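Colleague: Right, I'll just put the structure down here and ask away after.
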């Protein structure tokens with residue numbers, strides 16, 4: 001078998017590509033079907049395997065599941081997003097822990113990397129934002145891989161969400177993701193994407 005053939009063999013199946021990318025959509029509404037206990041843990045276990053800088057893993061997630069919590073979060077979002085939150089069985093608040101360096105001795109034992117972030121709030125904030133965003137994206141793909149649909153969004157009051165869900169911590173909200181079993185009637189036709197030539201070039 002040639003190297004090229006081996007590379008093809010290693011690639012995902014067409015069905016997997018459809019599940020994760022080609023047929024996957026961001027949903028605006030969900031069917032009245034709960035997410036089974038334990039599935040969110042599986043989603044996290046998959047998402048946590050994605051790479052972050054120095055394995056810092058700054059994302060901290062609140063699974064908004066109860067009626068009370070959903071209503072609280074919906075009230076802190078735009079009216080359009082509030083409706084989506086109320087309908088979704090779960091909404092994940094993707095937070096970013098500005099104290100992520102405290103766990104680096106465990107997560108990145110090769111060196112004492114905590115000093116890289118001591119007294120550098122701008123570097124801490126940049127890394128927390130970048131890497132928690134990556135982890136949120138991994139979570140979307142993990143959820144899709146496990147048969148869930150998602151609806152990532154901003155459009156909420158970050159400061160109010162931080163006070164309501166992260167009070168007393170050094171965690172700040174990044175973005176939110178609704179999760180569930182999507183209602184096909186809630187999606188729009190797929191919007192255009194930039195072509196390879198429009199969005200990339202070689203150097």
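Residue numbers (UniProt numbering): 1 to 203.
Just so you know, even glycine gets a beta-carbon here, dropped at the ideal spot from N, CA and C.
Since the structure is predicted, the reported quantities are computational estimates derived from the model, not experimental observations.
What first and last residue would you give for the alpha helix (DSSP H) that runs through residue 162?
Modeller: On the chain shown, position 162 is the one that residue 162 refers to. Per DSSP, residue 162 belongs to the alpha helix (DSSP H) from 158-165.
Colleague: Beta carbon of residue 127, beta carbon of residue 58: below 8 Å?
Modeller: In the chain shown, residue 127 corresponds to position 127, counting from 1. In the chain shown, residue 58 corresponds to position 58, counting from 1. Yes, the pair counts as a contact, with Cβ atoms nearer than the cut-off.
Colleague: For residue 149, count the other beta carbons within 10 Å of its own beta carbon; 16 or more makes it buried, fewer makes it exposed. Which is it?
Modeller: For the purposes of this step, residue 149 is taken as the residue at position 149 of the chain shown. Buried, since its Cβ has 16 or more Cβ neighbours within 10 Å.
Colleague: In the DSSP assignment, find the beta strand (DSSP E) that holds residue 175 and state where it starts and stops.
Modeller: Here the question's residue 175 lines up with position 175 in the chain shown. Run containing residue 175: 171-180, per the beta strand (DSSP E) assignment.
Colleague: Considering only their Cβ atoms, is the gap separating residue 139 from residue 177 smaller than 8 Å?
Modeller: In the chain shown, counting from the first residue as 1, residue 177 sits at position 177. In the chain shown, counting from the first residue as 1, residue 139 sits at position 139. Taking 8 Å as the Cβ cut-off, residue 177 and residue 139 qualify as a contacting pair.
Colleague: Among 200, 193, 186, which residue has its Cα nearest to the Cα of residue 210?
Modeller: Since the displayed the chain opens at 1 and closes at 203, residue 210 lies outside it and no answer follows.
Colleague: Can you round the beta-carbon distance between residue 175 and residue 154 to whole angstroms, since I take them to be within the 8 Å contact cut?
Modeller: On the chain shown, residue 175 is found 175 positions in, with the first residue counted as 1. On the chain shown, residue 154 is found 154 positions in, with the first residue counted as 1. Rounded, the Cβ-Cβ distance is 5 Å, consistent with contact.
Colleague: From residue 168 to residue 106, what distance separates their C-alpha atoms?
Modeller: Position 168 of the chain shown, counted from the first residue, corresponds to residue 168. Position 106 of the chain shown, counted from the first residue, corresponds to residue 106. Cα to Cα, the separation comes out at about 23 Å.
Colleague: Would you call residue 210 buried or exposed, if buried means 16 or more other Cβ atoms sit within 10 Å of its Cβ?
Modeller: A question about residue 210 goes unanswered here, because the residues of the chain that appear run from 1 up to 203.
Colleague: According to DSSP, simplified to helix, strand and coil, what is residue 78?
Modeller: Sequence index remark: in the chain shown, residue 78 carries index 78 (1-based). Residue state, collapsed to three classes: coil.
Colleague: For residue 197, which three-state DSSP category applies?
Modeller: Mapped onto the chain shown, residue 197 falls at position 197. Helix.
Colleague: According to DSSP, residue 97 sits in a beta bridge with which residue or residues?
Modeller: Translated into the one-based positions of the chain shown, residue 97 becomes position 97. The partner list for residue 97 (beta bridge, DSSP) reads 171.
Colleague: Determine the closest residue to residue 114 out of 123, 104, 120, 122, with distance taken between C-alpha atoms.
Modeller: Residue numbering aside, residue 114 sits at position 114 when the chain shown is read from its first letter. Closest by alpha carbon: 104.
Colleague: Reducing DSSP to helix, strand and coil, say where residue 151 ends up.
Modeller: In the chain shown, the residue the question calls residue 151 occupies position 151. Strand.
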